[in-house]
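Q:
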C-alpha cells in the first residue's frame with residue numbers, strides 16, 4: 038500500500054473521532070486536519086507546509102500511540118517513519134516533528150499565547166514539558182524549520198472551528214501526490 042492509500046485509510050478509520058484527549062475539542066480529527074491545511078493554503082504556504090499542516094497530528098490516529106491521558110503520546114514522532122519511508126522530505130516532516138516544540142516555544146516567549154490555548158492544549162503542554170527554557174529556545178530557533186513549525190503551530194491552534202467548510206480530504210491528497218511526484222524528479226531535471 039502506498040503512502041497516500043495509508044494516509045487515506047488512517048483518516049477513514051479514525052478521522053471521525055473527536056479531536057483531543059478527554060478534554061475534547063469541538064471538531065473531529067479529520068475536520069481539524071482539513072482546517073489546518075486550509076489555513077496554510079489561505080496563507081499561501083508552500084505545498085510542503087500545506088501537507089505538513091494536513092498531517093501534523095496523524096500520529097494521534099495511528100495504532101501504537103499512548104492512550105494514557107497522563108502521559109505525552111509523542112504523536113509528533115509516531116508518523117515520521119511512515120512519512121519518511123513514503124518519500125516525504127524534511128520540508129514536510131520537520132514542521133510536523135517540531136510543532137509541539139513550537140507550542141512550548143510560543144508559551145515561553147509570547148505572554149498572550151498561553152491564555153489563548155484550549156483546555157486540551159494546556160493539558161498536553163504540561164505533559165510535553167511546559168514552556169521552554171532559554172537554552173531550549175536557542176536550540177529550537179537554530180533549526181532550519183523553526184519558522185515553518187511556528188506557522189504550523191498557529192494554524193493548529195486556530196483549526197478548531199465547528200462547522201467550518203473546507204475542501205475534502207481528496208483535494209489535499211492530490212496535493213500530496215504532486216509533492217511526492219516532484220520529490221522523485223532529480224534536481225538537475227527540474228525546470229524552475
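Residue numbers (the working numbering): 38 to 229.
Quick reminder that beta carbons are idealized off the backbone N, C-alpha and C, glycines included.
In terms of alpha-carbon separation, which member of 55, 66, 72 lies closest to residue 208?
A: Counting from 1 along the chain shown, the entry for residue 208 is found at position 171. Answer by Cα proximity: 72.
Q: I'd like the list of long-range same chain contacts for residue 137, defined as Cβ closer than 6 Å, with 5 residues on each side in sequence excluded.
A: Looking up residue 137 in the chain shown gives position 100. Excluding positions up to five away in sequence, the list reads 113, 165.
Q: Compute the Euclidean distance between the alpha carbons of residue 196 and residue 43, then round it to the nearest angstrom.
A: Reading the chain shown from its first residue, position 159 is the one you call residue 196. Reading the chain shown from its first residue, position 6 is the one you call residue 43. So the alpha carbons of these two residues sit roughly 23 Å apart.
Q: Do the segment 149-161 and the segment 115-123 meet, that is, are 3 or more Cβ pairs less than 8 Å apart?
A: Result no; under three Cβ-Cβ pairs closer than 8 Å.
Q: Which runs of the beta strand (DSSP E) fall wholly inside the segment 130-207 and span at least 3 residues, in chain order?
A: Taking only runs of at least 3 residues, no beta strand (DSSP E) segment lies wholly in the segment 130-207.
Q: Could you check how far apart the C-beta atoms of residue 85 and residue 216 are, in whole angstroms? I think they sit under 8 Å.
A: For the purposes of this step, residue 85 is taken as residue 48 along the chain shown, with counting starting at 1. For the purposes of this step, residue 216 is taken as residue 179 along the chain shown, with counting starting at 1. Contact holds; Cβ gap of about 6 Å.
Q: If you draw a straight line from the C-alpha of residue 67 to the C-alpha of residue 53, how long is it?
A: For the purposes of this step, residue 67 is taken as residue 30 along the chain shown, with counting starting at 1. For the purposes of this step, residue 53 is taken as residue 16 along the chain shown, with counting starting at 1. Taking the straight line joining both Cα atoms gives about 6 Å.
Q: From residue 61 to residue 94, what distance separates their C-alpha atoms?
A: For the purposes of this step, residue 61 is taken as residue 24 along the chain shown, with counting starting at 1. For the purposes of this step, residue 94 is taken as residue 57 along the chain shown, with counting starting at 1. Approximately 15 Å, taken between the alpha carbons.
Q: Decide if the segment 147-156 is in contact with the segment 123-132; the criterion is three or more beta carbon pairs, one per stretch, under 8 Å apart.
A: With the cut-off at 8 Å, the segment 147-156 and the segment 123-132 do not touch.
Q: Alpha carbon to alpha carbon, what distance is there between residue 180 and residue 75?
A: Here the question's residue 75 lines up with position 38 in the chain shown. Here the question's residue 180 lines up with position 143 in the chain shown. About 25 Å.
Q: Quick check on residue 79: buried or exposed, where buried means 16 or more other Cβ atoms within 10 Å of its Cβ?
A: Residue numbering aside, residue 79 sits at position 42 when the chain shown is read from its first letter. Result: exposed.
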